[in-house]
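Q: Right, I'll just put the structure down here and ask away after.
In our numbering, the protein residues as written are 3 to 131.
Structure below.
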């Protein structure tokens with residue numbers, strides 16, 4: 003039973019870490035949302051979010067150089083689980099922002115949030131001890 007709780011807490015720790023970085027990135031994007039009104043190319047935006055996610059992963063390694071997930075198999079599973087969870091949370095935040103009439107940015111959509119978190123998860127997977 004302890005093993006199951008340990009796994010849950012390890013994965014939740016990784017999700018919270020990535021969610022906090024993505025939330026900070028979203029705050030930065032929201033602060034710039036009104037400065038540029040023309041539509042963006044989705045392919046270039048996706049590449050940009052991959053780069054932002056990779057940079058966030060690198061920065062997170064400076065702050066947290068070890069992974070909260072110690073089991074290698076679970077770390078591999080985490081590469082997919084965490085981005086799906088973070089993408090879902092960011093999508094829900096986007097829906098709430100839409101209900102409140104706030105400006106939406108690309109990180110408020112599942113796909114872009116997923117790509118950001120996936121890039122961060124991959125960097126953290128290969129960079130942690």
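Note that CB positions come from ideal geometry on N, CA and C, so glycine has one too.
In this text, all values refer to a predicted model and were calculated from it rather than measured experimentally.
Cβ atoms of residue 16 and residue 123: under 9 Å apart, would you say?
A: Indexing the chain shown from 1 puts residue 123 at position 121. Indexing the chain shown from 1 puts residue 16 at position 14. Taking 9 Å as the Cβ cut-off, residue 123 and residue 16 qualify as a contacting pair.
Q: With DSSP run on the structure shown, which of helix, strand or coil describes residue 118?
A: Taking the first residue of the chain shown as position 1, residue 118 is located at position 116. It is helical.
Q: Across the region 67 to 87 and the region 105 to 123, are there enough close Cβ pairs to call them in contact, namely three or more that are closer than 8 Å?
A: Touching, per the Cβ criterion.
Q: Any heavy atom of the ligand GTP closer than 8 Å to the Cβ of residue 124?
A: As far as ligands go, the structure on display features none, and thus does not contain the ligand GTP.
Q: Is there a Cβ of chain D sitting closer than 9 Å to that of residue 16, yes or no?
A: Here there is only one protein chain, and chain D is not present.
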